[in-house]
Structure formats: structure tokens, C-alpha cells
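Undergrad:
Number of protein chains: 2
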Amino acid sequence: MTTTLSLLNHHLSLPLPYLLATTTEGEDYGKALAVSIALVGLSIFIFSRFFEEIAARIGLPSVLGDLIAGLVIGVSGLQIVMLEGGEINPALSHLIEILANSTPEQVQAVFDVPIPIIVEEYAEFGVVVLLFLIGLESDLKELLKVGFQSASVAIVGVTLPFILGFVGLTFIFHIPALPALFAGAALTATSIGITAKVMQDIGVLKSKEGQIILGAAILDDILGIVILAVVISIVETGEIDVFNAIRLILTAAAFMIAAVAMNRFFGPWFITQLEKLKSPNSRGMGSFILFIFLNFLAGVVGLEPILGAFAAGLILGGTKAREDLIDGVGVLSVIFSTVFFVSIGAKTDLSVLNPAIPANREGLIVAGFLIIVAVVGKVAAGFFAFSQEKINRLGIGTGMIPRGEVGLVFAGLGAATGALPPSIDVGIVLMVIATTFLSPPLLRLVFDTSESPAQPVPSDADGSS
Amino acid sequence: MTTTLSLLNHHLSLPLPYLLATTTEGEDYGKALAVSIALVGLSIFIFSRFFEEIAARIGLPSVLGDLIAGLVIGVSGLQIVMLEGGEINPALSHLIEILANSTPEQVQAVFDVPIPIIVEEYAEFGVVVLLFLIGLESDLKELLKVGFQSASVAIVGVTLPFILGFVGLTFIFHIPALPALFAGAALTATSIGITAKVMQDIGVLKSKEGQIILGAAILDDILGIVILAVVISIVETGEIDVFNAIRLILTAAAFMIAAVAMNRFFGPWFITQLEKLKSPNSRGMGSFILFIFLNFLAGVVGLEPILGAFAAGLILGGTKAREDLIDGVGVLSVIFSTVFFVSIGAKTDLSVLNPAIPANREGLIVAGFLIIVAVVGKVAAGFFAFSQEKINRLGIGTGMIPRGEVGLVFAGLGAATGALPPSIDVGIVLMVIATTFLSPPLLRLVFDTSESPAQPVPSDADGSS
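Right, dumping it as C-alpha cells:
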């Protein structure tokens, strides 16, 4: 919930004249707000649908469509969704003035205070719901089957980009330690959705390589979310306190270990108890309460709520309610995480990378560096897969490249702390876009024209792992 | 969205010291907010689940459990969820101070501004989603089968309580015209869920009486929502302007007629177009966009967004996507309309009815009057059922008694306008509670020990209508 909170703080600390404007206007102001909320909502959902449709037709993941929709309607584009203040599109303002019979000042006041609070609250709900869903979909049983091979890929694939990113930014680009730490962390987590889809299309999802990638992606979500929770807490306090860092790492690790342990016995027991209740929707609502409770618990111990949300998903992901929960949480996710992804795009100010301005060039170089580390770090990790057999190690590494959703969670939470320079925020978003764009063609390349002989057999046959 | 808006106005017009407090505190304030949001959310969902479970075990509808949960945690009870300002429970404040390491002033500031904005926004989303669902579930084809009989029951059942309520409050209790008009309107709409459940339990749902009741309930939702949309607009402007009232009635009627007409051709065509899209969830998200657009359109023409939400449900309720949409919207409704129902209970200040204070006695008498009109008006309507055969007219009227969800939508929107005296707000909530409590036992009585010979045959046999 830090996202919302920081932004709340941010917006509530706007110049008082705006706050006063919002406190004095009455009915007309109310109608301006109603019309504005509806138009912002329509923009978010219509543009995201449009760009998701284009993404689907050219074989790219939906999340990229949402992100681009955000860029188009946000501060870098049409300026309809302005989450960090600033003047909105005059045509939009004019339209609202006509529809709501209000003044330009009223419309601007609406966009300065309540609109960002409301959009950010929905986006915040979207990100925890998304992590709940990712947790539910993480199949811990599948993971055990490919345990060692996946673990080696995941651990190297998390630490290598993290260290390369942090060290490179600190020593080559002289970026301060905290932003460098954060950018390093943002390079860690793979987004498996994209890879899984492409591997399915070319028929290698059930191959040994496919299974190792799937397992490694689950593990590196877990590692990545632990790193994120710890790094964000450090960035928020503004200093690296070694004892605090160790405490946070231990707490986060304990949280995850408890969640994995509870997946086996507590989860099924909890669902059985809920099924004894007589009121309708007890199973779903009981699970939802557990989810809120763990968000809360994570927050109270000083970690990010998303860690709690993900833990709730892991705990309930081994129960017979799993499929129903995935369906239900999926409905929430499809609506609210769209708001989250669009809001990240909307906040991304591409002008900080305008190469015409000399001062921006370093930002561009940093973004380029992040992209290279993101690709190289994961590809290298593929060569650390434990295996006696000959496997397509290049394919495994390539499959780990896309950062997608989890990378965007990093970008969103990082921007919300307000502690990162804009070039790092934008660099992370560009890194997510680039890795997501790159991986489908690269994957097709390394699996189809593979030199490693063990590979291109059409799946299933060697899918026993 | 009027609910939220009025409350936003209300809260943004709080004394400046609070706003200043919220603008100056930084990190600790942020953590106080995060912890407070989580605790308020947990209270809403845990208490509503607890009272829903009790309601289920004694055969009462869930909505009553939510309402009572709201009374228990709101301004009349534990003062955890305080949506209209006021001091929160000291124990809760103390807990948050400890968990978030913050001051009592910070905690109070959090509960004065952002918490009400956020809870009201979710409640507002809950009410439009609920109306979308009610619209989807309104089976217009079933309605046609029992057309005339249901129509006569519905029209009398809407106009009789409306006129009795308005005239009685104006002439007997000398209540001003606007609140009397609103209270009259709140008496109109039947909530069919409760009756349907009881009739199913005692095996008369498929009887002629059951079918007439179901049809009349759909029709009287339509009539009731039109009346609500018009009356709220009138109450908000603060005066009865005949031309404006006629314009609103015609607009609302046109909206509903268009929705019913579009149910047949536009709805199925729209779904077919969505199915041609390649991006995932196109059907659901396209429907969601139509829903937001109609909320927006209703607001722009001066009506309540709920009218648009209900219209969207009617339009899509005749398509092959209906069942999937009901499932998806049901997930949203079970979460967010719970917030809405609990928030109504939380805002209901029962102290205005404390009989120990003489000034309150008129409020109590008004509440009693509303309950009597609510029961008598609907029971009388049962005798207007068109039918040559002998049917259980008393049973039909009794089946129309419960007000439930739609009555609460009235109460919630009415309270949000700020134009009604508290005794009317509370009177409407008590009327909803009383009619909902009364109808299950009354229904069992009139159907089981019925004197009308045509009735107690065990259903199905005469279910051809």
C-alpha cells in the first residue's frame, strides 16, 4: 500500500490553493469530479483494450499493450491520466467543463487531488491482487520435480543481474548506492507468462528446457519479491543500515518459508474450515480475508504488502479451491491490474530521455546498460542449469529474459517511494519493454535453429523431466 | 457516483487543521494510513462474514448480516468505520499508534480524510456493480410470460406505497416535501432474492403465484430505479421544478425503454463483435467498458449512474455471455457491494431514535409509519393481480414485502445527498431491516396455512403460468 500512501502524501502536500479550491465548490465541483472519474476510467479501459488487441495480433503479451496505453494517455502522451500533478489536456478539460458545467479551475482541482488518490488506490489494489494471482498460479509441486536444475538457474539468474546492475551503476555511472541497489533488484524477476506462451506456440513447453524454465521462474519470483520487499524498505528509510537490512532479509525469508510450509497443511485445512460455513461465498471471502490479513501483516513487520499477497497465493495454491480462486482473483486482476499497468505507463515521463537535451544522454546510456545487463545476466544463468544430459542451455537462459509484470511492480513501487531519480524509473520501464519485446523472436530463434542436438524434438516425448 | 462525490465534498470541507495535519506528516503518517486501511478492511470483511453466517443459519438473507455488521462497527457501535467524521474507537486508535509508531493526531487525521474517501469510493463501485448484476439477472423473457398479471401487481405495488408514504409524511407528520418524496420513493422497490429463496424452500417458486411475484419484482426494480434516479436529482437541486421533473422522468423512461429494446438485438450483436477480438478477456472487458460508459452517460444527462449500470445489465442480460458475466460481476459484487452494505450500516446513527430523548419520539413514530406503509402497500398490491383463476393474492402481496438491496441503495444515496433529516435516513434503514426480517415467517404463514384453495399444491404441477 506504499504506492498509494506516498502518493497520498504527495498529493495532500500540493499547494494549499488547490486544496482550498476543492473544499469550496459544492455541486458543480461534484459533477466535474463524477464526469472526470468516468472519462479517466473510460480512457484507461478503452486505450488498454485497443493496445492489448494490437499486442495480441502481433504476438506480444497484453501487459505491453497496457503499458503502451499508459504512455499514450499519460504524462508523455495525451495527458489525460496525470497521476503526479501537472496540467491536463486542454481539450479534455474543455469537454469536462461543458459536460459538467464547471470552470477550468474546478476541473484542474479535480485532477490535482481526488483523481490521483482514486486511481492510485485502484492501481494499488491491482498490484496486490496480481501478486495474489501469481502466488496462486505458482505450482509448488511442479517446482519440486525440477528442483535442482531450476534452483541453480534461478539463483544465478537473480544474483548475476542484481550484482552486475548494482556494481555497474555504482562504479561506471556513479549512481548513488540506493538507486543502484533498487535498479539492480528490478533486474531480478522473470515474467514467465510471455515465455510460456511462446514455448507453447513452438511446442517446447513440455520439454525438459520448458519445465526447467517454468520452475526457475517460480523460484525467481519468490527470490525477486523477497529482494524487492527488502530493498524498498531500505530505500524508504533512505539509508543502508546493515542490521536493519539483515532483519528485513530474515523476516522476508521467514515469511516465504512459512508460506511454502503452510501450502501443504494449513491451506487445505483452512479451506475445509471455510467449507463448513453456511453463508454464501464463504470459501472465496474467507480466502480474501486471509489475503488482506497477510498484506496487513507484511506491512506491520516492515515489508511490502505485495509479499503478503504473494504468500496468501502460495498458501492457497495447493488446495482444491485453487482453480475457483484463480478464476475469481483473475476477474479482479483483469480489471485492477490493468489500472496498475496503465498507471505505470502514464507516470513514465519519456521526456527525461529526450536525446536532444545533452543532460539526458546519461539517462539513455543507463537505460541501455540496464537492458544489456537484463539480457546478459539471464542468458548466462541458463548455462548454470544442473544437468547430466545435453540440454539447450542458451534456450533456458533466453526463456528467462522477459521481466513483464513483476518488473513493472518494481517500477511502480520504486516510483512511488519518490527516492529514485526519474532516469532510473524510466530506465526500468524501458528495460521491461525491451526484454518483453525481444524475447519472443529470440526464443523462436534459439529453439528453432538450435545447434544443441537434444532440443527441437516436438515436446511431450521427453517431457517427463 | 454522487455518493462518493458528496462525501468527497463533505470531507474535503473538513476543518483545515486536519488537512494541514495530513499534509505535513510524511512517513509515519503514511504507515498510519496503511495500517488503518488494512484494519478497516479487515473489520468490514470479518464482521460481515460473521453476521452473514448467523443470518444464513437462521434463514435470513446475507444483506441483513452486512447491514448489522455495519451497525456494529460503525458510528452506532464500535466506531471503527467512521465515514462521516467523529472520533474513532480509542482502543483502535491506540492499536494503530503502536503498530504504525504514530501519534493520536496522525491517526485521527487518517480517519478524517483519506479513509472515508477510499471506503466510499469502493462502496460506490459496489453499488453500481450490484445494479449491473441485478440488471443481468433480470430475465426479460420470463417477464413477458407473466406480463399482465405481474404488471398490475408491480404498478400498484410501486404507486401505492409511494403515494401513501408521501401523503402520510406530508400531512400527518408535516415533513417537508423533498424528504417525504424521497422516503416515499424508497418504499417502492421489492428485493426478490429473499422471497425467491423462501418460496423455493417451501416449494412454491414455480407456482403461478411464484412466477407473478418474480415478474413483478423485475418490473418494480425498473420502476423503482427510474423513480430513484428522478427523485435524487430533484432532492439534489433542492427544489421541485415541474419542468425539470418531467424532463428527468422522460429521460429516465427513455433510458430504460432503450435498454429493454437493446436487450434483443444490440446486446447479442455487441457480444459477437467482442468475440472477434483476439486479446484475452475481450468479452468481459468490453462489457465492463459498456457498463462504465452507461454510468457516465446517465450521469451526464443528469440521472444517477446506477440507472446506467442497471441498463448495461439489461442490455447484456439477453446474450449468450450472460452466465459468464453474472459469474464475473458476481465476484466484484460479493466484495464491493459488501463494502457498500456495511457502509450504510456504519453510517446509520441509531442514537437519533433513542426513545429516552423526547425529541426523538417523532423519528421513531415516522420509522414505524414507514414500516406499516411498506407492508400494507405491497400486500394490497397483491389483490390487484389480473387473473381469472383463483390465486393466493395474499401470498403474492406478502412476497413483495422485502425491500433488501434496492431499498438500501435508496438509503445510501439519500444519506449521501445530505438533504434528508437523519430520522428519515434511519427510518428507511429500519424499514428495510423490518421488512426483510418479517417476510420469511409471513410468507411461510400465508402459503402454508392458506385459505385460498388454489394454492398449496406442491409447485411444478401448476407451474406452467
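Protein sequence lines correspond, in order, to chains A and B. Numbered according to the working numbering, the first sequence spans residues 2 to 466. Numbered according to the working numbering, the second sequence spans residues 2 to 466. Note that the Cβ used here is the ideal one computed from N, Cα and C, for glycine as well. Quick caveat, the model's predicted, so the values are computed rather than measured.
Under a CB-based cut-off of 8 Å, is Arg58 (chain A) close to chain B?
TA: What you label residue 58 (chain A) is simply residue 57 of the first sequence in a count that begins at 1. Answer yes: the Cβ-Cβ gap between Arg58 (chain A) and chain B drops below 8 Å somewhere.
Undergrad: By Cβ distance below 6 Å, which residues in the same chain neighbour Gly66 (chain B) in space, the five residues on each side in sequence not counted?
TA: As a working note, residue 66 (chain B) is residue 65 in the second sequence. Around Gly66 (chain B): Phe52, Glu53, Ala56.
Undergrad: Using a Cβ-Cβ cutoff of 9 Å, what residues of the stretch 317 to 342 of chain A are near chain B? List them in chain order.
TA: Under the 9 Å Cβ criterion, the stretch 317 to 342 of chain A contributes Asp328, Gly329, Val330, Gly331, Val332, Leu333, Val335, Ile336, Thr339.
Undergrad: Relative to chain B, which residues along the stretch 293 to 319 of chain A have a C-beta separation below 8 Å, given in chain order?
TA: Result list: Ile293, Phe294, Asn296, Phe297, Gly300, Val301, Pro306.
Undergrad: Going by the beta-carbon positions, is the gap between Phe411 (chain A) and Ile425 (chain A) smaller than 8 Å?
TA: By 1-based counting over the first sequence, the position of residue 411 (chain A) is 410. By 1-based counting over the first sequence, the position of residue 425 (chain A) is 424. Result no, Cβ atoms of Phe411 (chain A) and Ile425 (chain A) do not sit closer than 8 Å.
Undergrad: Whose CA, out of B:Leu134, B:Gly78, B:Gly86, lies closest to the CA of Asp328 (chain B)?
TA: One-based indexing of the second sequence puts residue 328 (chain B) at position 327. Taking only the C-alpha atoms, the option nearest Asp328 (chain B) is B:Leu134.
Undergrad: Among all the DSSP beta bridges, which residues are the ones paired with Leu84 (chain A)?
TA: In the first sequence, counting from the first residue as 1, residue 84 (chain A) sits at position 83. DSSP output for Leu84 (chain A) lists A:Gly86 as bridge partner(s).
Undergrad: Please decide whether Leu54 (chain B) counts as near chain A, where near means a Cβ-Cβ distance under 8 Å.
TA: Taking the second sequence and counting its residues from 1, the one referred to as residue 54 (chain B) is at position 53. Here the sequence assigns Glu to residue 54 (chain B), which means Leu is not the residue at that position. Closer than 8 Å: yes.
Undergrad: Please go through the same chain and pick out, in chain order, the residues whose beta-carbon is closer than 8 Å to the beta-carbon of Ser153 (chain B), but skip the five residues on each side of it.
TA: By 1-based counting over the second sequence, the position of residue 153 (chain B) is 152. The residues are Phe385, Ala386, Phe387.
Undergrad: Three-state secondary structure (DSSP) at Phe411 (chain B)?
TA: By 1-based counting over the second sequence, the position of residue 411 (chain B) is 410. Of the three classes helix, strand and coil, the one that applies to Phe411 (chain B) here is helix, per DSSP.
Undergrad: List in chain order: all unbroken beta strand (DSSP E) runs of 3+ residues lying wholly within the stretch 131 to 202 of chain A.
TA: Listed in chain order, nothing qualifies, since the stretch 131 to 202 of chain A has no complete beta strand (DSSP E) run of 3 or more residues.
Undergrad: Just reading off the alpha helix (DSSP H) that Pro105 (chain B) is part of, what are its end residues?
TA: Numbered from its first residue, the second sequence carries residue 105 (chain B) at position 104. Residues 105 to 113.
Undergrad: Consider the Cβ of Asn102 (chain A): report whether some Cβ of chain D lies at a distance smaller than 8 Å.
TA: Included in the structure are the protein chains A and B, with no chain D among them.
Undergrad: Would a check of beta-carbon distances place Arg284 (chain B) closer than 8 Å to chain A?
TA: The sequence position of residue 284 (chain B) within the second sequence is 283, counting from 1. Not closer than 8 Å to any Cβ of chain A, the Cβ of Arg284 (chain B) fails to qualify, so no.
Undergrad: Is the beta carbon of Gly75 (chain B) closer than 8 Å to that of Val64 (chain B)?
TA: Here the question's residue 64 (chain B) lines up with position 63 in the second sequence. Here the question's residue 75 (chain B) lines up with position 74 in the second sequence. In this structure, Gly75 (chain B) does not lie closer than 8 Å to Val64 (chain B) by Cβ.
Undergrad: Does DSSP classify Ser344 (chain A) as helix, strand or coil?
TA: In the first sequence, counting from the first residue as 1, residue 344 (chain A) sits at position 343. In the structure shown, Ser344 (chain A) sits in a helix (DSSP, three-state: H, G or I).
Undergrad: Comparing alpha-carbon positions, which option in A:Thr191, A:Ala420, A:Ile241 lies nearest Ile226 (chain A)?
TA: Along the first sequence, read from residue 1 onward, the residue named residue 226 (chain A) stands at position 225. Closest by alpha carbon: A:Thr191.
Undergrad: Let me see if you follow: with CB-CB separation under 8 Å, is Glu406 (chain A) close to chain B or not?
TA: On the first sequence, residue 406 (chain A) is found 405 positions in, with the first residue counted as 1. Chain B contact via Cβ: absent.
Undergrad: Under the rule that 16 or more other beta-carbon atoms within 10 Å means buried, what is Thr25 (chain A), buried or exposed?
TA: Along the first sequence, read from residue 1 onward, the residue named residue 25 (chain A) stands at position 24. Caution applies to Thr25 (chain A), whose pLDDT of 38 falls short of 50 and renders its modelled position unreliable; the model cannot decide the point.
Undergrad: Which class does Met263 (chain B) belong to by DSSP, given the choice of helix, strand or coil?
TA: By one-based count along the second sequence, residue 263 (chain B) stands at place 262. Helix, per DSSP.
Undergrad: Could you work out which residues of chain B lie near Pro281 (chain A), taking near to mean beta carbons separated by less than 9 Å?
TA: Position 280 of the first sequence, counted from the first residue, corresponds to residue 281 (chain A). Glu53, Ala57, Ser63, Val335, listed in chain order.
Undergrad: CA-CA distance, Ile345 (chain B) and Asp113 (chain B)?
TA: Translated into the one-based positions of the second sequence, residue 345 (chain B) becomes position 344. Translated into the one-based positions of the second sequence, residue 113 (chain B) becomes position 112. Cα to Cα, the separation comes out at about 18 Å.
Undergrad: Could you have a look at Asn245 (chain B) and say whether DSSP puts it in helix, strand or coil?
TA: Here residue 245 (chain B) refers to the residue found at position 244 when the second sequence is read from its first residue. If DSSP states are grouped into helix, strand and coil, Asn245 (chain B) belongs with the helices.
Undergrad: Do you know whose CA, among B:Ala259, B:Ser288, B:Val205, lies nearest Thr273 (chain B)'s CA?
TA: Locating residue 273 (chain B) in the second sequence gives position 272, where the first residue counts as 1. That would be B:Ser288, whose Cα lies nearest to the Cα of Thr273 (chain B).
Undergrad: Which residue marks the beginning of the alpha helix (DSSP H) containing Gln212 (chain A), and which one marks its end?
TA: For this step, residue 212 (chain A) is matched to residue 211 along the first sequence. Taken as a continuous stretch (DSSP letters only), the alpha helix (DSSP H) holding Gln212 (chain A) covers 209 to 238.
Undergrad: Given this structure, state the Cα-to-Cα distance separating Val447 (chain A) from Gly369 (chain A), to the nearest angstrom.
TA: The sequence position of residue 447 (chain A) within the first sequence is 446, counting from 1. The sequence position of residue 369 (chain A) within the first sequence is 368, counting from 1. Near 23 Å, if we compare the C-alpha coordinates of Gly369 (chain A) and Val447 (chain A).
Undergrad: For the putative contact between Pro442 (chain B) and Pro180 (chain B), defined by C-beta atoms under 8 Å, what is the C-beta separation to the nearest angstrom?
TA: What you label residue 442 (chain B) is simply residue 441 of the second sequence in a count that begins at 1. What you label residue 180 (chain B) is simply residue 179 of the second sequence in a count that begins at 1. Between Pro180 (chain B) and Pro442 (chain B) the Cβ distance is about 31 Å, and since that is not below 8 Å, they are no contact.
Undergrad: Quick check on this structure: which residue in B:Ser338, B:Phe167, B:Ser151 has the alpha carbon closest to the alpha carbon of Arg394 (chain B)?
TA: Taking the second sequence and counting its residues from 1, the one referred to as residue 394 (chain B) is at position 393. The shortest C-alpha separation from Arg394 (chain B) is found at B:Ser151.
Undergrad: When the cut-off is 8 Å and only beta carbons count, does Leu68 (chain A) lie next to chain B?
TA: Stepping through the first sequence from its first residue, residue 68 (chain A) is reached at position 67. No, no contact with chain B.
Undergrad: Could you tell me whether any Cβ in chain B is nearer than 8 Å to the Cβ of Pro18 (chain A)?
TA: Taking the first sequence and counting its residues from 1, the one referred to as residue 18 (chain A) is at position 17. Because the pLDDT at Pro18 (chain A) is just 35, under 50, the model does not fix this residue reliably, and the point stays unresolved.
Undergrad: Put Met286 (chain B) into one of helix, strand or coil per three-state DSSP.
TA: For the purposes of this step, residue 286 (chain B) is taken as the residue at position 285 of the second sequence. In this structure, Met286 (chain B) counts as helix in the three-state DSSP scheme.
Undergrad: Going by CA-CA distance only, name the one from B:Ala375, B:Leu354, B:Thr238, B:Val376 that's closest to Ile366 (chain B).
TA: Position 365 of the second sequence, counted from the first residue, corresponds to residue 366 (chain B). Residue B:Leu354 is the option with its Cα nearest to Ile366 (chain B).
Undergrad: In terms of residue numbering, what span does the alpha helix (DSSP H) encompassing Pro306 (chain A) cover?
TA: On the first sequence, position 305 is the one that residue 306 (chain A) refers to. Pro306 (chain A) -> alpha helix (DSSP H) spans 306 to 317.
Undergrad: Is it true that the CB of Ala310 (chain B) sits closer than 8 Å to the CB of Leu295 (chain B)?
TA: On the second sequence, position 294 is the one that residue 295 (chain B) refers to. On the second sequence, position 309 is the one that residue 310 (chain B) refers to. Yes; because the gap between Cβ atoms is below 8 Å, this pair is in contact.
Undergrad: Say whether chain A places a C-beta atom closer than 8 Å to the C-beta of Val36 (chain B).
TA: Walking along the second sequence from the start, residue 36 (chain B) turns up at place 35. At least one chain A Cβ lies under 8 Å of Val36 (chain B).
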